[in-house]
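Protein chains in written order, with my numbering: chain A, 1 to 135; chain B, 1 to 135.
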């Protein structure tokens with residue numbers, strides 16, 4: 001079952017240029033900036049209720065986020081839903097025609113299991129499921 | 001102050017074609033379908049935690065959603081944050097360089113006051129503030 005919108009991932013050219021909008025114009029508080037080497041991004045999170053806004057800045061032209069920015073410019077990249085049973089969630093999606101980017105969950109940032117659905121099978125929305133490990 | 005992600009608006013060509021993905025593959029429960037004549041859209045909402053996913057289908061080629069679909073194809077259209085003080089929220093955004101689509105809040109669906117920030121001033125993310133009337 002999906003329990004909440006865990007985070008909304010937003011592709012940006014530069015964290016430093018974008019963070020003042022979220023901090024000052026929206027009044028949100030940033031987490032420390034972290035680098036996710038495997039995804040070739042630097043990220044920062046802003047908490048809003050039970051959801052986080054995740055800004056994603058590419059650290060290499062080979063990063064998926066760099067390719068997204070080249071094609072679309074900055075903007076919303078993906079929605080991540082928290083699930084209380086990620087394997088069953090993936091099975092439900094696959095049974096109902098979704099193309100899975102990950103057949104089994106992989107380890108994501110923040111000690112979570114994560115898996116993506118391909119946007120060609122989700123009406124244009126890159127969709128992530130995530131679940132804290134051990135839950 | 002922003003209190004939660006109220007909803008995520010997603011542009012779709014057809015509610016009937018898209019709803020089975022949200023209902024069956026994601027396991028979410030739809031609201032009744034409604035038409036918002038002023039926006040030239042038909043909408044349906046799916047609750048996930050404190051947030052709703054809003055699907056938006058244009059009812060006319062002149063609908064802003066029809067224009068979005070023509071340019072981008074189906075996908076995420078906007079993020080709406082709930083605010084506990086929408087006038088102050090708009091003032092904070094304007095003071096910090098945001099371009100306001102609505103200088104003062106307008107009446108939205110569901111008996112709410114709503115106002116949008118222009119995506120050119122929010123790093124590509126069409127951003128809505130909303131507040132239930134009378135709060």
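Ideal Cβ placement from N, Cα and C applies to all residues, glycine included.
Note that the structure is a prediction, hence the values are computed from the model and not measured.
Alpha-carbon to alpha-carbon, residue j and residue i
i	j	result
residue 4/A	residue 48/B	5 Å
residue 118/A	residue 109/B	31 Å
residue 26/A	residue 92/B	7 Å
residue 71/A	residue 61/A	13 Å
residue 90/B	residue 94/A	42 Å
residue 123/B	residue 56/A	12 Å
residue 36/A	residue 103/B	39 Å
Residue environment, residue i, which counts as buried when at least 16 other CB atoms sit within 10 Å
i	result
residue 18/A	buried
residue 136/A	With chain A covering only 1 through 135, there is no way to say anything about residue 136/A.
residue 54/B	buried
N- and C-terminal bounds of the alpha helix (DSSP H) containing residue i
i	result
residue 18/A	15-20
residue 70/A	64-72
residue 94/B	86-95
Contact belief for residue i with residue j at Cβ below 8 Å, rounded distance in angstroms
i	j	result
residue 115/B	residue 6/B	Actually they are not in contact, since the Cβ atoms of residue 115/B and residue 6/B sit about 13 Å apart, beyond 8 Å.
residue 113/B	residue 98/B	Incorrect: roughly 17 Å between the Cβ atoms, too far for contact.
residue 52/A	residue 126/A	That pair is no contact at about 17 Å.
Residue range of the unbroken beta strand (DSSP E) whose run includes residue i
i	result
residue 115/A	112-117
residue 130/B	127-132
residue 2/A	2-11
residue 27/B	First-last for residue 27/B: undefined, no H or E at that position.
residue 45/B	41-48
residue 51/A	51-58
residue 77/B	75-83
CB contact flag (residue i, residue j, <7 Å)
i	j	result
residue 140/A	residue 28/A	Only positions 1 to 135 of chain A appear in the structure, and residue 140/A is not among them; the question remains open.
residue 8/B	residue 86/B	no
residue 45/A	residue 63/A	no
residue 105/B	residue 12/B	no
residue 50/B	residue 50/A	yes
residue 84/A	residue 1/A	yes
residue 96/A	residue 88/B	no
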